[in-house]
C-alpha cells in the first residue's frame, strides 16, 4: 500500500504521503446510529493503533510491541527497533509494555518502545505449499477460519 501510494499523486500533482500504524489486541465493534448507522471500533487497543499511526513517519509502518511479538515469529518480516527516546514524550510506556534494551552507540542501553516494519519476504514460504502455510498461521492464531471450504486465490502459485 505504501509503495503504491508513492507512485500516485493528488489532484493537484503533489505526492501522496502515507504513514501506517499497527497494534494488536482485543476490541469492541458495533453499529452506532439510527438515521445514519456507522460501523465503529472501540477500546484502548483502537486508541493505541491510532497512536502508532500518528507517531509514525511518512513512508513507514509503525508496529507496537505486541504486534512485533506476533509477527517476529515469522522469519519473513524484517524490523527496525525504535527506542523510547525516538518517540514523542506523550507516547504511552506502560500500556504496551517494555521491550528489550538496545545498545545505542554513544548513548548506552535504551528501552525499545516499538518497531518499524521494513519488509516482508515470501521466499521462505514460496518453496512450500502457500495454502498449508496460511492454514498453519490461522490455526496458530486460533481465529477459526475454515480454509478448506474457502477458495484462496493468492496470485502466488
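In our numbering, the protein residues as written are 11 to 167.
Virtual Cβ for every residue (Gly too), placed ideally from N, Cα, C.
What you are looking at is a predicted structure, and each value in this text was computed from that prediction instead of being measured.
Cβ of residue 128 within 9 Å of Cβ of residue 90?
yes
Endpoints, the alpha helix (DSSP H) within which residue 14 is located
12–16
Quick check: what's the CA-CA separation for residue 131 versus residue 44?
45 Å
Own chain residues within Cβ distance below 7 Å of residue 98, not counting five before or after:
65
Endpoints, alpha helix (DSSP H) assigned at residue 97:
Element bounds for residue 97: n/a, residue is neither H nor E.
Nearest to residue 33 (by Cα), restricted to the options 47, 50, 55, 26:
55
Could you check whether residue 92 and residue 122 sit closer than 9 Å to each other, using their CB atoms as the reference points?
Cβ distance < 9 Å, so residue 122 and residue 92 count as in contact.
Residue 36 - DSSP class collapsed to helix/strand/coil
coil
Using C-beta distances below 8 Å, list every residue in its chain close to residue 26, excluding the 5 sequence neighbours before and after it, in chain order.
So the list reads 15, 16, 18, 19, 20, once near-sequence residues are dropped.
Any non-hydrogen atom of the ligand ADP within 8 Å of residue 87 CB
The ligand ADP is absent from the structure shown, which contains no ligands of any kind.
Which same chain residues end up closer than 6 Å to residue 59 when comparing Cβ atoms and leaving out the 5 residues on each side of it in sequence?
31, 33
Just to confirm, is the Cβ distance from residue 49 to residue 36 under 9 Å?
no
Taking buried to mean at least 16 other C-beta atoms within 10 Å of its own C-beta, is residue 61 buried or exposed?
Buried is the call here.
With residue 124 and residue 82 assumed to form a contact (beta carbons below 8 Å), what rounded beta-carbon distance in angstroms separates them?
13 Å between Cβ atoms; not a contact.
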